[in-house]
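Asks: Take a look at the following structure, please.
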Amino acid sequence: MKKKSASHKPTWWAMLSTMKFAIWILIALSILSLASLFANELIDPQWLNTEPNDALSLVGQFLYSALEMTDPFRSWWYRGLIGLLSLSLLACIIERTPIVWRMWSKRPLSDVNWANEQTAPIILTTTEPVAPLRERLSKHFGWRLQTDSLWVGESGRLALWGPLLTHLGLLFLAIGGLAGSFDEIDTRNGGYAGDIVTVEEMPFSVRIDSFNVEFYPLQPGQWVLCEGEWIGRLIERDGPDAWKVEQHLSESESETETRLFSLQDMEISNDWDLRNAQGNVKQYVSHVTIIEDGQEIDKREISVNSPLRRKGFRLYQSSFDADAPRVRANYRSLTVNVSDSTGQLVKQASLRAGESLQMPGDSIRITAGRLLPDFKLDGNRRAYSASASFKNPAVELMADGVQGYRKTLWCFLQMEGHSTTAGAYRYEVRDVEGGESTMDIATIFEIRHSPGTEFLWLGFAISSLGLILCFYITHRVVYVETPNERHPKTRVIAMSRKMQRIFEQDLARIANRPGHEITMSVRPDVDA
Amino acid sequence: METSLDVQLFWFSFWAYLIGWLSFTVWLAARKKVWTTIGSICFAAGFVPQTIAFFLRWNYTGHFPMSNMYEYMAVMSWMAVVSFAFLTWRYKNWVISALISPVVIMLMVAASLLPKDPSQQLMPALRSSWLMIHVSLASIGAGAFAVAAAVSFVYLLAVRSEEEAKKTFRPAMRIPFIVLIVIPVILAIFGNVSHVLAKQSTMQCFGAPMSGGNILLLLGIYFVVAGVIWTRMFRKTSDVETRYWAAIGFSGLFLGALGAGILLSGGKISLTENSPLRIFEFFGLTLVLGTVGTFALHTVLGFGAIPGKLHLDGKLLDEVNYRAVALGYPLYTLGALFAGAIWAESAWGSFWSWDPKEVGALIIWLFYSAFLHARYQRGWSGPRTAVLSLIGFAMMMLSLFGNFFFGGLHAYA
């Protein structure tokens, strides 16, 4: 009857639960993962987008698209393979659980024949009496059973669950991974201090209160720039403001010369290419306020390795935008010299930010505008400040006239005598009082929500436990038979599910006593 | 920093292990107990300062010293010594011990050639206690895999008798010489004369520019020629001979990968920036260095006919191979995959980013999983699992140095 019920299993189920199928899936996953890695490296998706015909043939383009090779590890076929692996794991668990349960629930029988039926039992005979040998063995075996003719010991019983738990954990990991790949929210968002970060699906928002980048001190080996050119590496500090620099005299870096440089004369490159006299980036930290339903709920700190976890969403300190710092500068007042077309000074005025000046008889009105401490023009010829240092300060004067006339004038403070004309007069900014500036860097968060996370944590825990049971605990059973008519010497029958060689050595060591002769054999020399 | 105390202790350990290895090698020939005693004392004398050096470096840098390739290789070699001690204690077989000792030397040589400057400035993502768990478990697992590969190498060689070794050595000597040395040299010269794809490459080798296209061309022709000759060579060879060449070939390959990685780490060679062909440049280097390693191994083992003299217990070697993999597999799984994924969740926002190094680790894990299933459930043993062990370790070497050509989130490691 048992045979009949076994044969009723569908073929696909029988196939899924075989070891052969699992091994083939593992091999297929290995090969295809490797192939995907290479394909990703060799074919640049951006190149394929812009110049598809140069990148691949038509057939290649079709295959690339059909196999979703832009992101092969989230493609339908890769998910399919992971799905098959999950099914194989599930089938394996369902098939093996009753077997493991039977082995677990039944203690070794007090029948020496049972031991002989096990795989490769070790048979050891000794001339030593039973009692002292049992006593020594009992120290190594947690569970013991004694009858008149037989002593049974067992250890490492928990190991029986090892493979099953490992596979169950891996099944959870596969399910968690699959669930996450189908319905994951993954977006980058951020801003400057004061900005509020929101994501449509996220039930709360965060206000950025501040963002700080911490740096290490300068260290030898950092690259040095001088007037925009890489010149070499720092060797060692020489006083508070100077460093010895190994200056490269040729491109191949083979010829070098050690020179002393002042910190003011050079720019130092660190990991993120922020050129300042500091070491590499140590940490970046955002202080945020959590806002939910218009209420401030909590204040938190988000840094690398310390994300904000709330309501299934995770906000990670991903990076920062060093290329677009926000510089804010203000001043109390500025002094403007107004001269006529002959260059004659006609008025000197002090203006606060936003305050206007209009000369008598002129249609143009001048308003004091922004102060840029480090004036630069971007690619669209828009003015911005590259840093908060007053390296090239410039003040904006807005000239407004009739019929919507509007012109922006820039007055550069370090250029002596620099003036700009609007209407009938020339304007020169002579002095800026109370000028100060600050620089903000935008923080960037990675915001994620993945439905499979709980499965993944469960998978890690169960698999880890399973692996420890599986590989570091060994199930062993030993039978000690009292001498009888058939076997006049004390006989030990033992089995170990793994590492039998080591067990043989251990057993021989325990049994070996001076003055007593021992013999040892393994199957097929067993005499049942 | 070359003269810092931890580096001095490292060198002390290096020489101690070297003397220990030589003692064990002498013991293989002389079989006098005094040599195993000297070897054991030397290994103990090397292990203690190496352990102290690790903690000194930890104290100096202020973080767990596993942030560069030198530190990783040093811990791998440390683990190989632990495996050596454990297997010596468990099996009490000096032949096994003597054959594992070169693994320690190989890893120490690799570590010794890498830049040793300690960095006190960890990047933000590495400032985590997971660094210790992730990297140490992964390197300890890798160290155990190294031991398994070494034992497998010996297994594949050991079954040859002395007579067989002598008989097959001379004719076989000429073929690898032609295939492995002469042809690549001719092709390298030929490749450097032609400049088919030279414009795309800026690869540097000891300061001189090298063409990625030339390497590709060289590799292409090399594969064709070597494939034809090797196929013909194996056609009539016995199983023993095939196993011998498999052992030599795979070992040469991972020696090559190790050498290529060391040259890249030391800045002697640099691959073309941002080029998808970098992987082929690395394979090119691996193969060129691998051929030299293969030839050297073949010469030493062939001339000496050492394996035939060892009279090793094949079953014991097989079990040690399995034992080492079974020791390393859970550590690698827990360290490289699980701890790495949990750490990545905190640092990068995702358990798994399909970063090249992550994919590499996954492939290695899948491979060793298949190994264990084949061994435990399908009854694979002997030469088959030995070959699998060698392939696994060669993959490990490629993955270890994968950041040089794939980049990605692990580009610093």
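If you read the sequences in order, they're chains A and B. When we follow our numbering, the leftmost residue of the first sequence carries the number 995, and every step to the right adds one. When we follow our numbering, the leftmost residue of the second sequence carries the number 47, and every step to the right adds one. Glycine included, each C-beta is placed from N, C-alpha and C at the ideal position.
1) Output, in chain order, the set of chain B residues within a Cβ distance shorter than 7 Å of Val-1094/A.
2) Taking 8 Å as the CB-CB limit, is Leu-524/B close to chain A?
3) DSSP state of Met-1013/A, grouped into three classes?
4) Just the C-alpha distance for Gly-1215/A and Lys-314/B, rounded to the nearest angstrom, thanks.
5) Taking C-beta pairs closer than 7 Å, name the residues in chain B that Ser-1312/A reaches, listed in chain order.
6) Name the DSSP bridge partner or partners of Thr-1250/A?
7) Suppose you measure from the CA of Ser-396/B to the CA of Gln-1397/A; what does that come to, to the nearest Å?
8) Quick check on Ala-1155/A: does DSSP put it in helix, strand or coil?
9) Less than 8 Å between the CB atoms is what I'm expecting for Phe-381/B and Leu-183/B, so what's the real figure, rounded?
10) What are the boundary residues of the alpha helix (DSSP H) that Lys-1341/A is part of?
11) Applying the 10 Å Cβ sphere with the 16-neighbour rule, what's the burial state of Asn-1009/A?
12) Is the CB-CB distance between Leu-1459/A and Leu-1159/A below 8 Å?
13) For Trp-1217/A and Leu-202/B, I'd like the C-alpha separation in whole angstroms.
14) Val-405/B versus chain A: which residues are under 7 Å apart at the beta carbon?
15) Step through the CB atoms of chain A and report whether any lies within less than 8 Å of the CB of Phe-89/B.
16) From Leu-1254/A to Met-1063/A, what does the alpha carbon distance come to, in whole angstroms?
17) For Asp-401/B, which of helix, strand or coil comes out of DSSP?
18) CB Gln-167/B to CB Asn-1274/A, shorter than 8 Å?
19) Is the shortest distance between the beta-carbon of Glu-460/B and the beta-carbons of chain A less than 8 Å?
20) Can you pull the chain B neighbours of Tyr-1523/A, defined as C-beta to C-beta under 7 Å?
21) In chain B, which residues lie less than 9 Å from Gly-1077/A when you measure between Cβ atoms?
22) Give me, in chain order, the residues of the same chain whose beta-carbon lies closer than 7 Å to that of Met-125/B; leave out the 5 immediate sequence neighbours on both sides.
23) Does Met-1493/A have its Cβ less than 8 Å from a Cβ in chain B?
24) Rounded to a whole number of angstroms, what is the C-alpha to C-alpha distance between Leu-436/B and Tyr-1058/A?
25) Quick check on Lys-162/B: buried or exposed, where buried means 16 or more other Cβ atoms within 10 Å of its Cβ?
26) Out of curiosity, what's the CA-to-CA distance linking Lys-1385/A and Asp-1315/A?
27) I'd like to check one pair, Tyr-1419/A with Ser-1357/A: are the Cβ atoms closer than 8 Å?
28) Measure the beta-carbon distance from Ala-1153/A to Leu-1463/A and round it to whole angstroms, keeping in mind my assumption that it falls under 8 Å.
29) Within 8 Å, do at least three Cβ pairs link the segment 1508 to 1515 of chain A to the segment 1119 to 1133 of chain A?
30) Output the boundary residues of the beta strand (DSSP E) element that contains Trp-1145/A.
31) Please state the DSSP three-state secondary structure of Tyr-63/B.
32) Exposed or buried, which one is Trp-389/B when buried takes at least 16 other CB atoms within 10 Å?
33) Check the Cβ of Met-125/B against every Cβ in chain A and list those closer than 7 Å, keeping chain order.
34) Can you tell me whether DSSP reads Trp-1217/A as helix, strand or coil?
35) Could you tell me whether any Cβ in chain B is nearer than 8 Å to the Cβ of Pro-1301/A?
36) Give the single residue among Lys-1014/A, Met-1353/A, Asp-1038/A and Ser-1335/A whose Cα lies nearest to the Cα of Ala-940/A.
Replies: A quick look at the data gives this:
1) Working through the first sequence from its first residue, we reach residue 1094/A at position 100. In chain order: nothing, as chain B lies at least about 14 Å away.
2) A query on residue 524/B cannot be resolved here, the shown segment of chain B reaching from 47 to 459 and no further.
3) As a first step, residue 1013/A is located in the first sequence; it is residue number 19 there, counting from the start. Helix.
4) In the first sequence, counting from the first residue as 1, residue 1215/A sits at position 221. In the second sequence, counting from the first residue as 1, residue 314/B sits at position 268. If you take the alpha carbons of Gly-1215/A and Lys-314/B, they lie about 17 Å apart.
5) Here residue 1312/A refers to the residue found at position 318 of the first sequence. Here the neighbours are Gly-395.
6) In the first sequence, residue 1250/A corresponds to position 256, counting from 1. Its beta-bridge partners are His-1242/A.
7) For the purposes of this step, residue 396/B is identified with residue 350 of the second sequence, where counting begins at 1. For the purposes of this step, residue 1397/A is identified with residue 403 of the first sequence, where counting begins at 1. C-alpha separation (whole angstroms): 57 Å.
8) Working through the first sequence from its first residue, we reach residue 1155/A at position 161. Residue 1155/A is actually Trp in this sequence, not Ala. The answer is helix: DSSP assigns Trp-1155/A an H, G or I state.
9) Taking the second sequence and counting its residues from 1, one reaches residue 381/B at position 335. Taking the second sequence and counting its residues from 1, one reaches residue 183/B at position 137. The sequence shown places Gly at residue 381/B, not Phe. Cβ atoms of Gly-381/B and Leu-183/B come within 8 Å of each other, at about 2 Å.
10) Translated into positions along the first sequence, residue 1341/A becomes position 347. If you look at Lys-1341/A, you'll find it isn't in any alpha helix (DSSP H); it sits in the beta strand (DSSP E) that goes 1339 to 1345.
11) The residue given as residue 1009/A occupies position 15 in the first sequence. Correcting the residue type first, residue 1009/A is Met in the shown sequence and not Asn. Within 10 angstroms of the beta-carbon of Met-1009/A lie fewer than 16 other beta-carbons, which makes it exposed.
12) Walking along the first sequence from the start, residue 1459/A turns up at place 465. Walking along the first sequence from the start, residue 1159/A turns up at place 165. Yes, they are a contact pair.
13) Here residue 1217/A corresponds to residue number 223 of the first sequence, with the count starting at 1. Here residue 202/B corresponds to residue number 156 of the second sequence, with the count starting at 1. One alpha carbon belongs to Trp-1217/A, the other to Leu-202/B, and they sit about 50 Å apart.
14) Position 359 of the second sequence holds residue 405/B. Per Cβ cutoff of 7 Å: Ser-1027 and Leu-1031.
15) To locate residue 89/B, count along the second sequence from 1; it is residue 43. Interface criterion not met: the Cβ of Phe-89/B is under 8 Å from no Cβ in chain A.
16) Along the first sequence, read from residue 1 onward, the residue named residue 1254/A stands at position 260. Along the first sequence, read from residue 1 onward, the residue named residue 1063/A stands at position 69. Answer to the nearest angstrom: the Cα atoms are 53 Å apart.
17) In the second sequence, counting from the first residue as 1, residue 401/B sits at position 355. Note: Asp-401/B maps to coil in three-state DSSP.
18) In the second sequence, counting from the first residue as 1, residue 167/B sits at position 121. In the first sequence, counting from the first residue as 1, residue 1274/A sits at position 280. A Cβ-Cβ contact shorter than 8 Å links Gln-167/B with Asn-1274/A.
19) Because residue 460/B is not part of the residues shown, which for chain B are 47 to 459, the question remains open.
20) In the structure as shown, chain A starts at 995 and stops at 1522, and residue 1523/A therefore has no counterpart that could be examined.
21) Against the first sequence, residue 1077/A aligns to sequence position 83. Result: empty, since nearest Cβ-Cβ is about 16 Å, beyond 9 Å.
22) Looking up residue 125/B in the second sequence gives position 79. Excluding positions up to five away in sequence, the list reads Ser-185, Ile-186, Gly-189 and Ala-190.
23) Position 499 of the first sequence holds residue 1493/A. Met-1493/A has a beta carbon lying within less than 8 Å of a beta carbon in chain B.
24) Reading the second sequence from its first residue, position 390 is the one you call residue 436/B. Reading the first sequence from its first residue, position 64 is the one you call residue 1058/A. Spanning the two alpha carbons is a distance of roughly 34 Å.
25) Looking up residue 162/B in the second sequence gives position 116. That one is buried.
26) Position 391 of the first sequence holds residue 1385/A. Position 321 of the first sequence holds residue 1315/A. When rounded, the separation of the alpha-carbon atoms in Lys-1385/A and Asp-1315/A is 22 Å.
27) Start at 1 with the first residue of the first sequence, and residue 1357/A comes out as number 363. Start at 1 with the first residue of the first sequence, and residue 1419/A comes out as number 425. No, they are not a contact pair.
28) Counted from its first residue, the first sequence places residue 1153/A at position 159. Counted from its first residue, the first sequence places residue 1463/A at position 469. A Cβ-Cβ separation of about 5 Å places Ala-1153/A in contact with Leu-1463/A under the 8 Å criterion.
29) Here the segment 1119 to 1133 of chain A makes contact with the segment 1508 to 1515 of chain A; the two share three or more CB pairs at distances below 8 Å.
30) Sequence index remark: in the first sequence, residue 1145/A carries index 151 (1-based). Element bounds for Trp-1145/A: 1144 to 1149.
31) Residue 63/B sits at position 17 when you count from the first residue of the second sequence. DSSP places Tyr-63/B in helix when its eight states are reduced to three.
32) As a first step, residue 389/B must be located in the second sequence, where it is residue number 343. Under a 10 Å Cβ-count criterion, Trp-389/B is classified as buried, with 16 or more other Cβ atoms of the shown protein chains found around its own Cβ.
33) Sequence index remark: in the second sequence, residue 125/B carries index 79 (1-based). Close partners of Met-125/B in chain A (Cβ separation under 7 Å) are lacking, with about 16 Å as the shortest Cβ gap.
34) As a working note, residue 1217/A is residue 223 in the first sequence. In the displayed model, Trp-1217/A falls within a strand according to three-state DSSP.
35) As a working mapping, residue 1301/A is identified with position 307 in the first sequence. With a threshold of 8 Å between beta carbons, Pro-1301/A makes contact with chain B.
36) Residue 940/A is absent from the model: chain A starts at 995 and stops at 1522.
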